[in-house]
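J.:
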Amino acid sequence: MKSAALSTDKLGQVLKDVDLVWNNLAAFLVGGNIMPDDNELSFKNCLLKSDDATSQMRSCGVCLLDVNVKSKDFNTEEEASKLTYGGRQYHATCANFWVNCVDSMLPALKLPELL
Numbered sequence: 001m002k003s004a005a006l007s008t009d010k011l012g013q014v015l016k017d018v019d020l021v022w023n024n025l026a027a028f029l030v031g032g033n034i035m036p037d038d039n040e041l042s043f044k045n046c047l048l049k050s051d052d053a054t055s056q057m058r059s060c061g062v063c064l065l066d067v068n069v070k071s072k073d074f075n076t077e078e079e080a081s082k083l084t085y086g087g088r089q090y091h092a093t094c095a096n097f098w099v100n101c102v103d104s105m106l107p108a109l110k111l112p113e114l115l
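Every letter in the sequence shown is one number past the one before it in UniProt numbering, and letter 60, counting from 1, is 60.
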């Protein structure tokens with residue numbers, strides 16, 4: 001963020017909050033058998049490289065990954081659950097995590113803000 005001159009105090013605090021929640025979640029998962037293998041956490045096929053309007057509409061407002069890419073976790077033809085709020089799309093899991101663990105207001109991050 002600093003290298004792209006996108007650092008603000010509020011964004012820095014939100015990043016710290018997300019990191020803390022993620023570390024707590026990861027610590028909880030490590031103790032059980034539900035932690036996925038590292039190779040299952042590859043999201044290369046979900047990255048959006050362009051910041052054009054179409055890519056912005058396809059990117060999740062939380063994780064910035066493509067909401068239209070089917071998850072490797074599901075052996076089904078159905079798309080993963082997604083929702084639209086405030087003109088942005090979100091993975092249902094991202095929105096749920098954010099609202100329940102970070103802040104009650106969903107963010108609307110844009111691709112060039114973090115990439």
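The beta carbon of each residue, even a glycine, is placed where N, CA and C say it ideally should be.
If you're wondering where the values come from, they're calculated on a predicted model, not measured in any experiment.
Within a Cβ cutoff of 6 Å, which residues of the same chain sit near L115, ignoring the five residues on either side of it in sequence?
T.: Interpretation of L115 is limited by its pLDDT of 42, a score under 50 that renders its predicted location unreliable; no figure is taken from the coordinates.
J.: Using 8 Å for Cβ pairs, my map puts S55 next to L48. What's the rounded Cβ distance?
T.: At roughly 4 Å, the Cβ-Cβ gap stays under 8 Å, so S55 and L48 are in contact.
J.: Determine, using beta carbons only, whether W22 comes closer than 7 Å to chain B.
T.: Absent here is chain B; the protein component of the structure consists of one chain.
J.: I'd like to know whether the C-beta atoms of V67 and K82 end up nearer to each other than 7 Å.
T.: Yes, the pair counts as a contact, with Cβ atoms nearer than the cut-off.
J.: Identify which residue in N96, R88, V102 and N100 has its Cα closest to the Cα of L109.
T.: Checked all of N96, R88, V102 and N100; the closest Cα to L109 is R88.
J.: I need the straight-line Cα distance from D52 to R58, nearest angstrom please.
T.: Rounded to the nearest angstrom, the two C-alpha atoms are 10 Å apart.
J.: Would the beta-carbon of W98 fall within 7 Å of that of L111?
T.: The answer is no: Cβ separation not under 7 Å.
J.: Identify which residue in T84, H91 and V62 has its Cα closest to the Cα of V69.
T.: For the residues T84, H91 and V62, the minimum Cα distance to V69 belongs to H91.
J.: With DSSP collapsed to three states, give me the class of K70.
T.: K70: coil per DSSP, three-state reduction.
J.: By the DSSP assignment, the alpha helix (DSSP H) with T8 in it spans what residues?
T.: Element bounds for T8: n/a, residue is neither H nor E.
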